[in-house]
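Read the structure below first, then the notes.
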Amino acid sequence: MANIRLILEYDGTAYAGWQRQPNGLGIQQVVEESLHQLLGTPVTLISSGRTDAGVHARGMVANFHTERDLPPAAYREGLNGLLPKDIAVQDAMQVRDAFHARYDARGKWYRYCLCRNPVRSPLYARYSWQLRADLDLAAMRQAASALVGRHDFQAFRTAGCAARTTTREIFSVDFAAEGKLLFIDVRGSGFLRNMVRVMVGTLVEIGLGKRPPEDMARLLGDGRGRAGPTAPPQGLCLMEVWY
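Positions in the sequence shown are counted from 1; adding 63 to them yields this note's numbering.
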């Protein structure tokens, strides 16, 4: 029995999120059906986590077990010949039998893209949150520094989050400007449901002058009601998972 690890890239615009679900098409379902075609038997993917509807990924990790004896490249090329154009396997490899994409993960990197432009940009509409006002980056950086470390992020999760504990560790929050685009890179040990999007929504409110930077530190350990809005899904991308 081989244990195969896949690294997947996808545009989440047309999907109801990663997870297979009864009321919408999940990316997991599409990949599992393609694996069924390739291998001739049903396959269940174990993923490093879930992405919500409209969220993208460059480095989603998933693994599955199979009795077929194929070279790793055959999984990559075979699946890419069956998958739709908005989903692709970037890498496939055989790993140790005990490897688990979720439980063995040590950290994740998410990137959120903001498009700062007074006029809407059709080219960036699928991959960014478009803002037509200037942002105070110094205030946003000051606020983001409070997020780094091990904290209770209860205020930064949305309804339906089933996590048993709301304590997480954030390794870093970095900002990078590229023309009219502003990238917010968040690296951490793990994340609650919509945690990064709520963090970004709060940072944007601070950048717009709607709340002071000191509010971010006050929110840690507080209830969800005082945090900022949940940023739109299309600006978020899972970049990498570490093991």
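C-beta: ideal position from N, C-alpha, C; glycine also.
Going by beta-carbon coordinates alone, are residue i and residue j separated by less than 9 Å?
| i | j | result |
| --- | --- | --- |
| K171 | R256 | no |
| V304 | S111 | yes |
| I67 | N126 | yes |
| G264 | A290 | yes |
| L299 | Y187 | no |
| Y190 | A120 | no |
| V93 | I150 | yes |
| Q297 | V158 | no |
| A202 | G272 | yes |
Using the C-alpha atoms, what's the distance from residue j back to residue i?
| i | j | result |
| --- | --- | --- |
| R281 | A155 | 44 Å |
| R113 | C176 | 19 Å |
| M262 | A79 | 22 Å |
| G75 | W81 | 8 Å |
| L198 | F246 | 13 Å |
| L101 | D278 | 52 Å |
| A137 | R274 | 53 Å |
| H163 | R220 | 25 Å |
| G242 | R179 | 9 Å |
| D248 | A240 | 11 Å |
| L146 | L200 | 40 Å |
| S184 | L244 | 11 Å |
| F234 | M258 | 14 Å |
| S208 | D160 | 39 Å |
Which residue's Cα is closest to the Cα of residue i: the options?
| i | options | result |
| --- | --- | --- |
| G253 | L198, R189, L301 and A151 | L301 |
| P134 | V182, L244, A65 and H119 | A65 |
| A218 | L283, G212, A136 and L145 | L283 |
| Y166 | V236, I109 and A201 | I109 |
| R204 | D237, E95, Q91 and I70 | D237 |
| A168 | V182, L266, A239 and V124 | V124 |
| H99 | A161, G141 and G89 | G141 |
| Q153 | I70, S208 and P295 | I70 |
| R260 | Q84, A116 and G89 | A116 |
| A196 | S208, E130, P181 and A202 | P181 |
| W192 | Y306, N86, G87 and P295 | P295 |
Pull up the CB-CB distance for residue i and residue j, whole angstroms please, since I reckon it's below 8 Å.
| i | j | result |
| --- | --- | --- |
| R231 | F216 | 5 Å |
| A206 | P276 | 4 Å |
| E95 | T107 | 7 Å |
With a threshold of 9 Å between beta carbons, is residue i in contact with chain D?
| i | result |
| --- | --- |
| E72 | The chain labelled as chain D is not found in the depicted structure, where only one protein chain is given. |
List, from N- to C-terminal side, the alpha helix (DSSP H) runs of 4 residues or more that fit wholly inside the region 113-185. List check, alpha helix (DSSP H) in window: 135-143.
Kindly provide the ranges of any beta strand (DSSP E) runs that are 3 or more residues long and lie completely inside the region 205-268, ordered along the chain. 212-215, 230-241 and 244-251
Length-filtered (4 minimum) alpha helix (DSSP H) runs lying within the region 75-107: 90-102
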